[in-house]
Amino acid sequence: MLEQALAYGLYAGVVLYDGMKIKENFERSRQRMADLKGCPGVLGYGFMDEPFVWGTEPWEMNELRKRLGDAARLAGLR
């Protein structure tokens, strides 16, 4: 789908959360970033939408953001 979007001059944001369970999905999110490395149609990644509404505490979100950021750097995405 990302290649098709790019063919039309569009870029897409990739959502990395499933059911607002970012902690439970961390490894899958990390693998998805690695799989999409080099895909020019990726505009960015969404880690979570409205985390505090879904019960994620601020300190948890900061730690998860750091871990996913580290994973993105290791995958050569940042």
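The sequence shown begins at 268 in the numbering used here and counts up one residue at a time. For each residue, glycine too, the CB sits at the ideal point set by N, CA and C.
Asked: By DSSP, does GLY336 sit in helix, in strand, or in coil?; Found: helix
Asked: Determine the DSSP secondary structure at LEU277, reduced to helix, strand or coil.; Found: coil
Asked: Can you tell me which of the three DSSP states LEU310 falls into?; Found: strand
Asked: What do you get for ALA360, buried or exposed, if any count of 16 or more other CB atoms within 10 angstroms of its CB means buried?; Found: Absent from the model: residue 360. The displayed extent of the chain is 268 to 345, so no value can be given.
Asked: In its own chain, which residues sit with a C-beta less than 8 Å from the C-beta of GLU270, not counting the 5 before and 5 after it?; Found: CYS306, GLY308
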